[in-house]
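*Asks:* Below are the structure tokens for one structure; questions will follow.
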Amino acid sequence: MSTRKNRLAGETSPYLLQHATNPVDWYPWGEEALQRAVREDKPILLSIGYAACHWCHVMERESFEDEATAALMNEHFVCIKVDREERPDIDDIYMNATIAISGSGGWPMTVMLTPAQEPFFAGTYFPPENKYGRPGFPTLLRRVAEAWRDERDDITAQAKQLTAAIREGSKTPASAPLPEDAAARAIADLAQAYDARFGGFGHAPKFPPTPALGLLIDTQARTPDPGVLRMIHGTLQGMQRGGMYDHIGGGFCRYSTDERWLVPHFEKMLYDNAQLSRVYLAAYQLTGEASYARTAREILDYICKEMQHAEGGYYSATDADSEGEEGKFFVWTPEEVEAATLEAELPPELATWLCRYYDITEEGNFEGKSIPNTPRPLEEVVASLGVSGVGFGEALQRGVEALYAAREARVHPLLDDKILVSWNGLMLGSMAEGYRVLRDARYLESATRAARFLLTRLTRPDGGLLRTARFTESGFHAHLAGYLEDYAYLTDGLIDLVEAGGPPSLLRDAERLAERMLADFGAEEGALFHTARDHEALIVRTREGHDGALPAPNAIAARALIRLADHLQREDLRAQATRAIEAYASQIARVPRAFASTLRAAARLTSPAVELCIAGASEASEALERAVARVYLPNQVIAYARPGDSDPPLPLAEGKPPERAALYVCQGFACQAPVSDPDQVVGALRQALEASSGATQATTS
């Protein structure tokens, strides 16, 4: 690797810094690079990726570190490198172009632009030589340079045509009520795609279908259906048993390369674990299945232990590779398991038990080693070993702790320690919900620290949000204006924290962010834009309503507005949410399954909220809180009336005596009698849920 540094050396993104010593004359996205392209009449080579991306590392080693390839790039192009996680606006625009040009997308993304930033060629990974049915990267560079020289007019015309199509795609038709059968059709589509053998939907590669699972769980809570429940159990159990889940350290990897959830790409992303912990918590509430609570707890423990800065912000990801090998940190041989248990002075037979339960064999399941997974139930493994089941689980847990300690001595994958507001909003909301459901005070403390950090260190003096921050040896660096997802996810996460018993004043922070979000990202036609009104002008101002790896920001914004309307009696916010949802009615009619988060938000408009106020601050009120957490309510609103609280009570808590432990259940301007017996809470909540579900069916029939 060269010791020379290019212009990326002054950046804070770990991904950009990875490329700072490439011989490529990389620029970060900005006026210097864009003006040079115009001045020299050169095409732009835009390379987009992220720090934990395995194939990004491969292309760097093969092409960007190669002197001859770099010379071609530097001679014919202005080369710009973008961290997609810092700049989702640029990523979104040029991913649309990549899909339009090549028929598929992914990272690393390679896009050729005119000096006017209009795309004319795009692809993903390119090998250094002609193979995999793709031209080698040097071949591609020469062809594009020749075409730019000899076919300029055609290229420019095609680029303008494609740009016009991308602009057209960002428009939304006139708002209309959602189709009454949209959610039912989405469920039917999921049922058709469901993999009854391994869980999940479709074929390999399999990504965690978190928005779809959320819709299934909401649907099952309102109108129980055996088929829906099978999809929930099959998918959640398939994922938690497979190698995509880190059975030693907790947390999920990005996706599975096979249909069995066995072999992942090993990067672990904050946003996946935020969403999946939330789904497993909800499924635990819905079904009472203890393994779902255990998985959620292990995810949250992993985040607290390994992915949170001392000041409160959550880190973004860990890499798939260590020591240049994908997955090396995570895989085992039986000999390594035996050595770890001996080092921990555990009984010698425990190594055999661990290997049997976690499927660690001499043959291995990944390049001669084994990714821990649990294909057989614990009871079956106990029977096959001919041992007593008494204490077996506890012994296994001690063994896992020994494996974790041994793994800690290995070379760790790179930590992408930048702090993104949007992903932090998702995570603090899930952490708060983890406290509410599992009653572990560490999770409430973690979520509260994260909220305070974001509201102080990543908020500008004018009240707007910044996008990203990082602590480095030279200090704290925060920059880039926030996007819709930053405002939407953080607003929703703050409401989660308030409803878990966090400071009531945070609801006013959420209200302030929501008002800023509407002012900066709103539009007359309802759907919210991805970027603010005063954002840097790009070739298109995008907006999208469908879910991807992240839930649709427009949908989460709508959900947050509805929740604030329920808490604060702000019908203007409910009206804004309705417009944001109905802007996508025609698209939802075509592919409802792609809009699971929007459908979940829409259901909150048609289902009267179940308003809960828990009064008191004693063991008796704690018992009521635990009882409330046993029931999954898709449209709940929770407030607290506590004696001696310095914050003004929220509207739902006004008039409720804070000295006496009681649960108040209200709906549609009518309240049940206060409940003080925890044994009666579940019945009261289920009665309210049935009433709410009945109202939903009445409004849609």
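Under the numbering used here, the final residue of the sequence shown carries the number 705; numbering is consecutive throughout. Every residue gets a Cβ at the ideal spot worked out from N, C-alpha and C, and that includes glycine.
For K373, name the three-state secondary structure that DSSP assigns.
*Replies:* strand
*Asks:* Taking the alpha carbon of A485 as the reference point, which residue from A473, M77, T25 has its own alpha carbon closest?
*Replies:* A473
*Asks:* Quick one: using the 10 Å Cβ neighbour count with 16 as the cut-off for buried, is R594 buried or exposed?
*Replies:* exposed
*Asks:* Quick check: V86 and A37, are their CB atoms within less than 8 Å of each other?
*Replies:* no
*Asks:* Among P662, L656, P119, which residue has its Cα nearest to the Cα of C675?
*Replies:* L656
*Asks:* Pick from C359, E329, G316: whose alpha carbon is nearest that of T337?
*Replies:* It is C359.
*Asks:* If we ignore side chains and look at the alpha-carbon of each, how far apart do T322 and D229 end up?
*Replies:* 38 Å
*Asks:* Does DSSP classify M273 as helix, strand or coil?
*Replies:* DSSP places M273 in strand when its eight states are reduced to three.
*Asks:* Taking three-plus beta-carbon pairs below 8 Å as touching, is the stretch 151-159 in contact with the stretch 133-143?
*Replies:* no
*Asks:* Leaving out the 5 sequence neighbours to the left and right, which residues in its chain are closer than 8 Å to T704 when beta-carbon positions are compared?
*Replies:* In this prediction, T704 has a pLDDT of 39, which is less than 50 and means its spatial position is unreliable; what the coordinates show is noted afterwards. Taken in chain order, the residues that qualify are E184, T610.
*Asks:* Does V394 pass the burial test, meaning 16 or more other C-beta atoms within 10 Å, or should it be called exposed?
*Replies:* Classification for V394: exposed.
*Asks:* Within the same chain, show all residues whose beta-carbon is closer than 7 Å to that of L430, passing over the 5 residues directly before and after it, in chain order.
*Replies:* Y275, A278, Q279, Y493, G497
*Asks:* Counting C-beta neighbours from all protein chains within 10 Å, is the total for H550 16 or more, i.e. buried, or is it exposed?
*Replies:* buried
*Asks:* Does DSSP classify S51 as helix, strand or coil?
*Replies:* strand
*Asks:* Among L488, A324, G110, which one has its Cα closest to the Cα of T535?
*Replies:* L488
*Asks:* Kindly give me the distance between the Cβ atoms of S67 and P132, rounded to whole angstroms, as I take these residues to be in contact under 8 Å.
*Replies:* 6 Å
*Asks:* How many Å lie between E658 and L517 at the Cα?
*Replies:* Our two residues, E658 and L517, have alpha carbons roughly 24 Å apart in a direct line.
*Asks:* Count the other CB atoms within 10 Å of the CB of T495; is the residue buried (16 or more) or exposed (fewer)?
*Replies:* buried
*Asks:* Closer than 8 Å by C-beta to V404: which residues in its own chain qualify, once you throw out the five before and the five after it? Chain order, please.
*Replies:* H251, I252, L358
*Asks:* T337 by DSSP, collapsed to three states: which one?
*Replies:* Three-state DSSP puts T337 in coil, outside helix and strand.
*Asks:* Could you spell out the range, first to last residue, of the beta strand (DSSP E) harbouring T143?
*Replies:* In the DSSP assignment, T143 falls outside any beta strand (DSSP E) and within the unbroken alpha helix (DSSP H) covering 141-154.
*Asks:* Alpha carbon to alpha carbon, how far is A195 from Y362? Give it in angstroms, no decimals.
*Replies:* For Y362 and A195, the distance between alpha carbons rounds to 30 Å.
*Asks:* Residues in its own chain within less than 7 Å of L400 by CB, not counting five upstream and five downstream?
*Replies:* W357, L358, Y361
*Asks:* Skipping 5 residues on each side, what residues in its chain have a beta carbon closer than 8 Å to that of A180?
*Replies:* E586, A589, S590
*Asks:* Give the C-beta separation of P647 and A627 to the nearest angstrom, bearing in mind that I take them to be a contact with Cβ-Cβ under 8 Å.
*Replies:* Wrong, their Cβ atoms sit about 17 Å apart, outside the cutoff.
*Asks:* Quick one: measure Cβ to Cβ for A104 and L20, integer angstroms, because I've assumed they're closer than 8 Å.
*Replies:* The pair is not a contact, with the Cβ atoms about 26 Å apart (cut-off 8 Å).
*Asks:* Give the single residue among P352, P177, R402 whose Cα lies nearest to the Cα of A527.
*Replies:* P177
*Asks:* Compute the Euclidean distance between the alpha carbons of G672 and D570, then round it to the nearest angstrom.
*Replies:* 11 Å
*Asks:* If distances are taken between C-alpha atoms only, which option among V641, Y98, E663 comes closest to A624?
*Replies:* E663
*Asks:* Could you compute how far the alpha carbon of L407 sits from the alpha carbon of Q121?
*Replies:* 50 Å
*Asks:* Is W30 closer than 8 Å to H23 when the C-beta atoms are compared?
*Replies:* yes
*Asks:* If you compare alpha carbons, which of L603, I642, A643 is closest to A190?
*Replies:* L603
*Asks:* Report yes or no: do the stretch 385-394 and the stretch 410-427 share at least 3 C-beta pairs separated by less than 8 Å?
*Replies:* no
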